[in-house]
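Same order as they appear, the protein sequences are chains A and B.
Take 0 as the starting number for the first sequence in my numbering and just add one per residue.
Take 15 as the starting number for the second sequence in my numbering and just add one per residue.
We put the beta carbon where it would ideally sit given N, CA and C, even for glycine.
Input: a single structure, listed below in structure tokens.
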Amino acid sequence: MNRPEGGSWIVGVDVGGTFTDFSAVNDRTGETHVFKRPSTPDDPSRAILDGLREMAGACGIALDEVSRLAHGTTVATNALLQGRGGRVALVTTEGFRDLLEIGRQVRPHMYDFRRSFPAPPVPPERRFELAERMDAAGEPVRAPAEADIAAAVEAVRASGAEACAVCFLFAYLNGAHERALADALRAALPELHVSLSSEVQPEFREFERFSTTTVNAALQSVMDRYLGRLEEGLSAVAPRASLGINQSSGGLMSVARARNFPVRTALSGPAAGVVGAVHAARSAGFGDLVTLDMGGTSADMALIRGGEADIAYERAVAGFPIRLPQIDIATIGAGGGSIAWFDRDGLMKVGPQSAGADPGPACYGHGNTEPTVTDANLLLGRLSPRGLLDGGMRLDEGKARAAFEPVAARLGLSVERTAEGVLDIVAANMIRAIRTVSVERGHDPRGYVLAAFGGAGPLHARDVAAGIGMREILVPPAPGIVCAEGLLVSDLRETFTRSERIAVSRKAFPRIAAILEELEEQARLWFAGEPDAEGRRTEVSLDMRHVGQNFELAVALPERLDDLTDRFLDAHEFAYGFRNPEDPVEIVNLRLTAKARLYRAPQAELPPADGLPAPREHRLVRFAGRAFAETPVYDRAGLGAGSRIAGPAVIEQLDATAIVHPGDTTAVDTYGNLTIRIAA
Amino acid sequence: MTALDPIGLEILANALRSITDETFAALMKSAYSTNIKERHDHSTAIMDARGRLIAQAEQSLPIHIASMSGLMECLLARYGDDIEEGDIVIANDPHTAGGTHLPDINMAAPVFVEGRIVAWVCNIAHHADVGGMAPGSMAGGMSEIYQEGLRVPVVKLFHRGELQRELFDLVLLNVRLPNERRGDYFAQVAACNLGVRRMAETIEAYGADTVLAAFEDMLARTAGRMADAIRAIPDGTYRFEDVMDDDGIDTSDIPIVLTVEKKGGRASFDFSGTAPQVPGNINVTMNATVAAVTYTLKALLDPEVPNNQAVIDCVEISAPRGSLLNAVFPAPVAARAHTCQRIIDVVFGALAPAVPDRAPAAGNGANTTAVFSGIDPRTGEGYLYLETLGGGAGGWPGGHGKDGVQVGITNTSNLPVEAIETEYPLMVERYGLLEGSGGKGRFRGGRGLYRVVRPVGHDCLFNGAGERFSNAPWGLAGGEPGGRGRFALLDGSGAETPLEIKPSGVIVHEGEGLRVETPGAGGHGSPS
């Protein structure tokens with residue numbers, strides 16, 4: 000790859016609801032810059048293009064030296080949440096046009112019959128059937144007739160759809176019928192976007208596959224328009240920059256892939272944060288983490304083992320089930336704006352209702368009078384009245400107190416004890432969510448490090464870590480911009496899947512080897528289309544189960560296929576506590592993940608500390624079970640590598656506040672990470 | 015001991031929910047049978063030392079509540095203090111062990127802290143077969159519980175951590191597909207052991223006395239919350255009556271009659287006037303009647319109230335001994351879910367004048383069951399595929415009834431068509447929503463489902479159980495009734511032969527098909 004003398008710039012840009020964050024690194028010098036500007040929700044590309052120009056001016060970056068822009072987008076997610084997907088038609092196997100509507104025949108809440116799932120993205124009048132059928136072995140039972148295909152094409156045309164989802168039973172085993180229809184659709188309707196279930200998500204279980212494919216189709220036109228605008232603008236602003244789009248599995252994909260498979264971006268928001276946190280943790284020497292990304296309205300938590308995030312396959316966005324590889328993240332309504340309230344039985348709850356950013360917590364003084372988590376932090380001295388962005392927005396302690404007084408009176412407790420209780424409850428909610436991604440998956444998180452980021456993560460990390468029995472907390476150098484940094488260091492990533500049931504025995508090894516060879520070939524073709532990528536590697540994971548089970552475990556391919564059954568039994572014993580060697584084992588899916596590193600710049604090092612700087616101030620802070628005490632407050636920017644601080648202390652930076660509790664200690668490493676060790 | 019304030023209670027309640035959810039996930043994942051893994055026909059809970067329900071997994075099934083408290087009552091009566099650490103007690107019998115039907119295998123394990131029992135962890139899983147005359151142990155046409163499967167009284171499957179092998183061998187010898195059953199039993203055992211470990215950790219962290227006091231506080235708060243909700247219902251006497259289609263043997267149009275007396279914060283639900291128990295298997299033991307009424311009250315009055323004993327105890331519920339809703343030995347009860355579904359409709363109907371803004375019209379009022387079994391020609395081994403199909407949900411003042419969903423006490427998911435055809439020698443030819451089956455109304459009733467299944471390469475056996483096949487789901491406030499369900503055999507040409515409401519032992523030959531149609535639901539409000 001041809002690089003200019005002065006190096007080229009890689010830019011990560013993460014578009015959030017309020018701010019668009021930029022993180023730039025020079026691939027030769029390691030020089031880094033971060034930049035933040037308000038988002039432009041009506042057309043998010045405007046904030047990106049304007050922001051690039053603004054950052055270039057502010058930081059002295061030549062935009063024609065930007066070689067890559069790694070982009071995390073919420074365009075797809077927002078389109079789903081706001082019901083702004085494109086006009087979609089569906090063609091499915093004869094006899095099954097209602098399947099998408101029936102789903103799994105369940106209601107969203109056992110007791111509340113008033114609640115419903117959202118209507119599918121395709122109304123009944125745009126759902127068409129085609130007489131065709133594959134059997135459970137992937138053999139055609141009935142091939143679609145030419146005349147029937149023509150009739151289906153005409154029906155789709157007449158429906159006025161912008162996109163068409165083609166979803167046939169058992170297409171994950173054999174997509175020939177789907178492809179036959181797709182060819183006819185594309186030939187007759189060149190403007191139509193087409194999504195095939197055998198391409199979007201070639202896996203077992205029709206409803207989840209059909210739902211994912213239909214959502215993909217609904218997003219195709221939206222994403223196509225958005226990426227078109229962005230590419231056009233980018234060609235003028237940063238003409239040498241190639242664009243990579245973040246996907247839910249925590250890797251980047253090409254623009255062409257994002258156009259074909261926009262659903263892969265629908266869950267990508269939190270993924271970049273996880274990748275960024277893993278990167279920071281790696282530099283600090285940690286591989287086993289729990290990530291805690293807490294913002295204004297929600298908190299995202301994920302488990303990382305050996306530097307790799309666990310992958311999950313199913314989740315709903317705006318009520319639509321989506322089955323795709325995605326970082327296994329638990330999300331709950333716990334953030335700085337979460338409101339404390341009393342349930343009907345008098346128990347106190349916090350969230351999921353949030354005051355959000357506007358009007359925000361009571362202390363913002365923008366009209367909310369209900370007590371929030373941020374108000375509690377302010378009342379306990381954890382947050383400075385100078386507020387976030389270092390004085391850019393002052394926090395009104397009187398308004399926070401006024402919001403808490405009625406609650407405290409009802410409990411018969413002091414305002415401070417009530418505020419502590421609110422923090423305890425919000426921590427308990429996060430602990431429960433972390434348990435779902437750790438112990439419920441068979442992993443004991445106690446030896447793990449809690450990587451806390453997002454505006455509110457470092458404030459609450461200690462309560463969460465201690466509640467789980469974790470001993471160390473990592474706060475990355477710029478907790479508020481971890482997502483954009485994650486984009487910078489994201490791998491290009493693509494997963495190739497073959498869904499096939501194979502009974503594990505020596506007889507099956509040639510078949511397994513043949514499938515793996517086909518997947519490797521697909522990966523080779525994909526790599527060939529990504530010339531900039533370095534450090535190419537592939538990993539194989541097999542979804543396996545005992546015959547008769549319907550729940551699979553992912554097992555990494557061992558060096559010798561002879562060990563496969565043992566590896567599965569190990570995984571089964573680990574996850575479920577028992578081992579049945581006499582029961583036959585089968586493979587359900589074979590997945591090959593191809594990864595390639597984009598050029599990764601050397602990481603900038605922090606100058607060594609010249610002693611501990613003087614605290615910027617002392618303020619009264621209250622810690623659990625203690626009275627308010629004068630506590631030193633440090634400016635994180637002044638802390639050099641090797642600085643050590645014994646708690647109690649507060650460490651403030653532009654967009655986050657970290658708390659070192661009494662007895663705990665913290666140290667700053669060469670890369671600016673803060674590691675807090677909890678007292679035994 | 016420290017008494018927990020409303021903050022501390024919330025945090026403890028959170029920890030308890032976490033334990034029930036973790037054990038729920040563990041049971042689901044390690045079970046063998048589709049019914050548990052895919053359809054989640056299982057529940058987990060924490061009980062106190064007196065057998066009162068304290069917390070339940072979020073996804074637990076309402077009907078299972080009653081079995082768990084029923085088991086605990088019988089277990090405490092049977093063993094008293096003769097319980098040791100590492101014991102796991104099992105049972106399924108509805109007449110002697112608090113169960114509601116035999117396929118639900120109940121398990122309970124004591125949580126010892128400092129030498130005393132502070133709590134119990136319980137779980138229930140619906141096993142796809144527990145022996146008896148017909149595969150699946152759910153078929154109609156039987157008149158005694160002995161025919162429905164192996165009756166397991168309250169017994170220790172584990173004693174001081176040791177599996178009682180002789181007992182387990184006896185159990186497994188009496189069920190079909192013993193390997194699958196063994197896997198499901200072990201999944202339940204694993205969930206018990208996990209729950210005991212987690213509970214012990216939690217109790218040790220708080221101290222046993224603090225936890226026990228918190229249990230009392232939680233129950234008292236829930237009781238107060240339910241009493242408030244009941245107080246808001248206008249005082250008065252409310253009556254309603256509905257009719258079950260048949261018992262699958264010789265009794266048709268079986269009335270269920272309810273009289274509700276409501277005064278202040280108290281209410282009584284009296285089912286006097288309900289038919290005597292019937293020869294067929296739709297009888298309900300008292301525990302299941304309590305579960306159905308409890309479910310309805312929670313759904314109608316306060317869907318978010320924590321599920322604990324105080325919800326179960328919030329009203330008085332009675333039914334004449336020996337009646338359909340308080341059946342005694344030797345009544346068969348396998349299909350009790352149908353009747354529980356109808357109890358729910360009856361409670362909604364009775365309370366509709368009292369809470370007209372919330373009560374829905376009748377739902378599909380059934381637990382339409384289809385069981386296919388035979389020898390898989392691909393492997394030469396026996397197979398059994400059981401599924402319960404949803405139908406319409408009643409229209410209510412605020413929304414149309416949902417189409418093709420499970421209603422009432424059940425919310426089990428369907429089995430994917432691709433899973434059915436991969437695992438069993440069956441082909442699903444069509445699966446859809448039944449046009450016209452939703453009762454008209456200002457708020458339309460939900461539509462029923464239809465499905466056509468054909469055996470592939472062999473002849474198979476079909477057993478089914480339907481309800482609301484002759485008595486349609488009623489509408490409310492001028493809404494029209496919904497459509498009825500039916501079973502039919504399709505010959506090669508597609509010609510239909512109607513089957514009974516609860517057919518058993520129907521041979522479906524290769525080339526033939528079986529059509530299931532489930533009931534829709536009543537509409538709410540005048541259609542015009």
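query	result
Through-space distance from Gly22 (chain B) to Gly420 (chain A), alpha-carbon basis	8 Å
Cross-chain neighbours of Met252 (chain A) in chain B, by beta carbon under 8 Å	Those do not exist, as Met252 (chain A) stays about 27 Å from chain B at its closest Cβ, beyond 8 Å.
Range covered by the beta strand (DSSP E) that runs through Gly22 (chain B)	First-last for Gly22 (chain B): 20 to 44, but that is the alpha helix (DSSP H), not the beta strand (DSSP E).
Spatial neighbours of Gly528 (chain A) in its chain, beta-carbon cut-off 8 Å, leaving aside the 5 residues before and after	Ser253
Element boundaries [beta strand (DSSP E), containing Thr49 (chain B)]	Residue identity differs from the one stated: residue 49 (chain B) is Asn in this sequence, not Thr. Where Asn49 (chain B) is concerned, there is no enclosing beta strand (DSSP E), although the alpha helix (DSSP H) it sits in stretches over 48 to 51.
Interface flag, His545 (chain A) vs chain B, CB-CB below 8 Å	yes
Pick from A:Pro583, A:Asp26, A:Asp42 that is closest to Thr19 (chain A), judged by C-alpha positions	A:Asp42
For Met680 (chain A), the three-state DSSP class (helix, strand or coil)	A question about residue 680 (chain A) goes unanswered here, because the residues of chain A that appear run from 0 up to 679.
Contact between the region 53 to 60 of chain B and the region 297 to 315 of chain B (3+ Cβ pairs under 8 Å)	no
Closer than 8 Å to chain A by CB, Lys454 (chain B)	no
As assigned by DSSP and simplified to three states, the class of Asp231 (chain B)	helix
Leu23 (chain B) at chain A interface by Cβ criterion, 8 Å	yes
Arg343 (chain A): first and last residue of the uninterrupted beta strand (DSSP E) it sits in	No beta strand (DSSP E) contains Arg343 (chain A), which DSSP labels as neither H nor E.
Cβ distance (whole Å) where Gly493 (chain B) is taken to contact Gly409 (chain B) below 8 Å	6 Å
Beta bridge counterpart(s) of Thr664 (chain A) as assigned by DSSP	A:Ala645, A:Arg676
Straight-line gap, Ala280 (chain A) to Leu473 (chain A) (C-alpha atoms, nearest Å)	7 Å
C-alpha distance - Ala40 (chain B) paired with Ala205 (chain B), whole-angstrom precision	6 Å
Contact check, Leu251 (chain A) vs Ala69 (chain A), beta carbons under 8 Å	yes
DSSP state of Gly405 (chain B) mapped onto helix, strand, coil	strand
Residue(s) in a DSSP beta bridge with Glu493 (chain A)	A:Ala593
Gly499 (chain B) and Pro533 (chain B) closer than 8 Å at C-beta	yes
Best match in B:Glu531, B:Ser157, B:Ser451 for proximity to Gln291 (chain B) [C-alpha to C-alpha]	B:Ser157
Sequence-distant residues of its chain with Cβ nearer than 6 Å to Tyr397 (chain B) (five each side left out)	Asp390, Tyr438
Euclidean distance between Cα positions of Met0 (chain A) and Arg52 (chain A)	For Met0 (chain A), the pLDDT reaches just 40, beneath the cut-off of 50, and the residue's location in the model is therefore unreliable, although a value from the coordinates is still provided. So the two alpha carbons sit approximately 25 Å from each other.
Under 7 Å (Cβ pairs) to chain B, residues found in the region 344 to 376 of chain A	Asp344, Gly345, Leu346, Met347, Lys348
Sequence-distant residues of the same chain with beta carbon closer than 8 Å to Leu233 (chain B), five excluded per side	Arg66, Ile68, Asn322, Gln323, Ala324
Closest Cα partner of Thr383 (chain B) within the set B:Asp223, B:Thr251, B:Gly154	B:Gly154
Enclosing beta strand (DSSP E) for Leu325 (chain A) [first to last residue]	Looking at the sequence itself, residue 325 (chain A) is Gln, so the reference to Leu does not match. Its beta strand (DSSP E) spans residues 319 to 326.
Exposure label - Leu524 (chain A); buried when at least 16 CB within 10 Å	exposed
Listed by chain order, chain B residues near Phe206 (chain A) by CB distance under 8 Å	Pro430
Phe508 (chain A): first and last residue of the uninterrupted beta strand (DSSP E) it sits in	Run containing Phe508 (chain A): none in the beta strand (DSSP E); it sits in the alpha helix (DSSP H), 508 to 527.
Residue environment, Glu190 (chain A), which counts as buried when at least 16 other CB atoms sit within 10 Å	exposed
Identity of the residues DSSP links to Lys35 (chain A) by a beta bridge	A:Asp20
Chain B contact for Asn77 (chain A) (CB, 8 Å cutoff)	no
Arg258 (chain A) in three-state terms, based on DSSP	helix
Under 7 Å (Cβ pairs) to chain A, residues found in the region 213 to 240 of chain B	Arg235, Thr236, Gly238, Arg239
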